[in-house]
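Trainee:
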Amino acid sequence: MLTNLRIRNFRMLEDLEIPKLGRVNLIVGKNNSGKSSILEALRLYTGKASPELMRRILISHDEYYDFNQNSNIENTNNWHGLKNLFTNREFPENENTFISIASEEGNLIKIEYVFYYIKEEPVIDNEGDIIDITSRRVIINQSELSTIEETSLPTPAIRITLKSGRNTLLDLNEDNRKRPLSVFWLLNAGDSLKCSFVSTTFSSTESLAKLWDQITIGPNEDIVLDALKIIDENIERLAFVESENRTGRLAIIKLKNSDTRIPLSSMGDGMSRILQLILSVFSAKDGLLLIDEFENGLHYSVQEEVWRIIFQLAKDLNIQVFATTHSWDCIESFTKAAVSSPEEGILLKVSKSKLTSDNGKIIATIYDEEALKTVTASALEVR
10 MLTNLRIRNF
20 RMLEDLEIPK
30 LGRVNLIVGK
40 NNSGKSSILE
50 ALRLYTGKAS
60 PELMRRILIS
70 HDEYYDFNQN
80 SNIENTNNWH
90 GLKNLFTNRE
100 FPENENTFIS
110 IASEEGNLIK
120 IEYVFYYIKE
130 EPVIDNEGDI
140 IDITSRRVII
150 NQSELSTIEE
160 TSLPTPAIRI
170 TLKSGRNTLL
180 DLNEDNRKRP
190 LSVFWLLNAG
200 DSLKCSFVST
210 TFSSTESLAK
220 LWDQITIGPN
230 EDIVLDALKI
240 IDENIERLAF
250 VESENRTGRL
260 AIIKLKNSDT
270 RIPLSSMGDG
280 MSRILQLILS
290 VFSAKDGLLL
300 IDEFENGLHY
310 SVQEEVWRII
320 FQLAKDLNIQ
330 VFATTHSWDC
340 IESFTKAAVS
350 SPEEGILLKV
360 SKSKLTSDNG
370 KIIATIYDEE
380 ALKTVTASAL
390 EVR
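The sequence shown lines up with residues 10 to 392 when you count with this note's numbering.
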């Protein structure tokens, strides 16, 4: 479990230090304060900054495209959109500026903007004859570009280095519609950590069905049903069934003392959101659960009970939870659940520093459970 975190040069997080983390962490702050960027940084860490993951993150923000001076979309079949992940949305000119997601143990992952060129060298036999030509990739920094021979055209790339020290290159000019072969070994390296991400939007029914298939006919099925009963205590069964009139399965529920099957979606957004949250917990076992805008679809009156379930499952399944919110109701319900749970809950406020020397840098303020008892809405500036 991460006990602290430092994120540098990632999006608007120039140098964010989070000195303390708990089992369950709630991130608050105004719009555009960097809440979701923290979740994205954690996704990059657990996903080893895989090209497919970075592609999904860029697409979710419409950052996958290049625009010319006339605002027309240009070639989108390369990886130059990755510049949006760096501070100021540009690849850094300073070779000492790179994306770093780290803890006290050191870099968890490091993403650098570099260049490389192909250097050919002759293979000479004992008689001095050239019998072969070998080529190797030489990595250089921007300050070394002027030292390269004109015949060796440098290629821009992203170098990804994991905590273990393993690293690989992603050619920025490479066709991004193909998965680079060079990253397969990196992604399959050890020290993998599960991560389940719950976005602000509702998951498709088929996605939920696949998660349900993994836990059905077991004790976890009852946990899901108990969670749904927070909204309607008469819920007795949940199933995902095939339908000839639609693509994918349909989620239906059965109520007590009734043989009627009711579509889950007809029970309101809260029911769908709770199902999405709880099913996502199980797939994060021994890893991270990331929730963007926890309160989406949930009435304030049910949030405390949902938080209690999250705290308990986080302990039982050895999960560390990170969630964001801009709702005071969500903060109040989180506080009540955190104080009553043996697992530590931490509230993390992100905001612009008021120190002139920080030049508007995003900083973190930590509220442990004791501080949460007296914190006010005005102090957190959630609106």
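Every residue, glycine too, gets a C-beta built ideally from N, C-alpha and C. Keep in mind that this is a model prediction, so the values were computed, not measured.
By Cβ distance, which residues of its chain are closer than 8 Å to residue 190, with the 5 residues on each side in sequence left out?
Mentor: Note that residue 190 scores a pLDDT of 49, beneath 50, so its modelled location is shaky; the value from the coordinates is reported in the next line. Cβ within range, chain order: n/a, list empty.
Trainee: From the DSSP secondary-structure annotation, give me the bridge partner or partners of residue 176.
Mentor: Answer by DSSP bridge pairing, in chain order: 170.
Trainee: Could you give the distance in angstroms between the alpha-carbon of residue 59 and the alpha-carbon of residue 147?
Mentor: Going from the Cα of residue 59 to the Cα of residue 147 covers about 22 Å.
Trainee: Could you tell me the boundaries of the alpha helix (DSSP H) in which residue 222 lies?
Mentor: Note, residue 222: alpha helix (DSSP H), 214-222.
Trainee: Could you give the DSSP three-state label for residue 211: helix, strand or coil?
Mentor: Residue state, collapsed to three classes: coil.
Trainee: Please report the residue range of the beta strand (DSSP E) in which residue 34 lies.
Mentor: Start and end: 33-37.
Trainee: Which of helix, strand or coil does DSSP assign to residue 259?
Mentor: Strand.
Trainee: May I have the straight-line CA-CA distance separating residue 346 from residue 316, to the nearest angstrom?
Mentor: Whole-angstrom Cα-Cα distance: 6 Å.
Trainee: The beta strand (DSSP E) with residue 354 in it runs from where to where?
Mentor: Per DSSP, residue 354 belongs to the beta strand (DSSP E) from 354-361.
Trainee: Are there 16 or more other CB atoms within 10 angstroms of the CB of residue 43, so buried, or fewer, so exposed?
Mentor: Buried, by the Cβ-count rule.
Trainee: Give the range of the beta strand (DSSP E) segment to which residue 143 is assigned.
Mentor: 139-149 is the extent of the beta strand (DSSP E) around residue 143.
Trainee: Classify residue 382 as helix, strand or coil using the three-state DSSP reduction.
Mentor: Of the three classes helix, strand and coil, the one that applies to residue 382 here is coil, per DSSP.
Trainee: Can you tell me which of the three DSSP states residue 58 falls into?
Mentor: If DSSP states are grouped into helix, strand and coil, residue 58 belongs with coil.
Trainee: Start and end of the alpha helix (DSSP H) containing residue 350?
Mentor: Element bounds for residue 350: n/a, residue is neither H nor E.
Trainee: If residue 121 and residue 168 are in contact, beta carbons under 8 Å, what's the gap, nearest whole angstrom?
Mentor: Right, the Cβ-Cβ distance comes to about 5 Å (below 8 Å), so this counts as a contact.
Trainee: Which value, in whole angstroms, describes the spacing of the CA atoms of residue 213 and residue 302?
Mentor: Looking at the two C-alpha atoms, the distance is approximately 18 Å.
Trainee: Would you check if the stretch 348-355 and the stretch 28-36 touch, i.e. whether three or more CB-CB distances between them fall below 8 Å?
Mentor: At 8 Å Cβ cutoff, the stretches touch.
Trainee: Roughly how many angstroms lie between the CA atoms of residue 10 and residue 64, to the nearest whole one?
Mentor: Distance between the alpha carbons of residue 10 and residue 64: 27 Å.
Trainee: Taking the straight line between their C-alpha atoms, what separation do you get for residue 225 and residue 177?
Mentor: Spanning the two alpha carbons is a distance of roughly 39 Å.
Trainee: Under the three-state reduction of DSSP, which class applies to residue 370: helix, strand or coil?
Mentor: Three-state result, residue 370: coil.
Trainee: Measuring alpha carbon to alpha carbon, tell me which of 278, 145, 319 and 313 ends up nearest residue 288.
Mentor: Among 278, 145, 319 and 313, the Cα nearest to that of residue 288 belongs to 319.
Trainee: Alpha helix (DSSP H) containing residue 228: first to last residue?
Mentor: Unbroken alpha helix (DSSP H) run through residue 228: 228-237.
Trainee: CB residue 299 to CB residue 206, shorter than 8 Å?
Mentor: A contact, by the Cβ cut-off of 8 Å.
Trainee: Under 8 Å, do residue 361 and residue 369 count as touching if we go by C-beta distance?
Mentor: Against a cut-off of 8 Å, the Cβ pair of residue 369 and residue 361 comes out as a contact.
Trainee: Using the three-state DSSP reduction, which class does residue 294 fall into: helix, strand or coil?
Mentor: The answer is coil: DSSP assigns residue 294 none of H, G, I, E or B.
Trainee: Strictly under 8 Å for the Cβ-Cβ distance: is residue 70 near chain B by that measure?
Mentor: Absent from the structure is chain B; it holds one protein chain and no more.
Trainee: So, with DSSP's three-state summary, where would you put residue 309?
Mentor: Helix.
Trainee: Using CA coordinates, which residue listed in 210, 228 and 69 is at the minimum distance from residue 94?
Mentor: Nearest option by C-alpha distance: 69.
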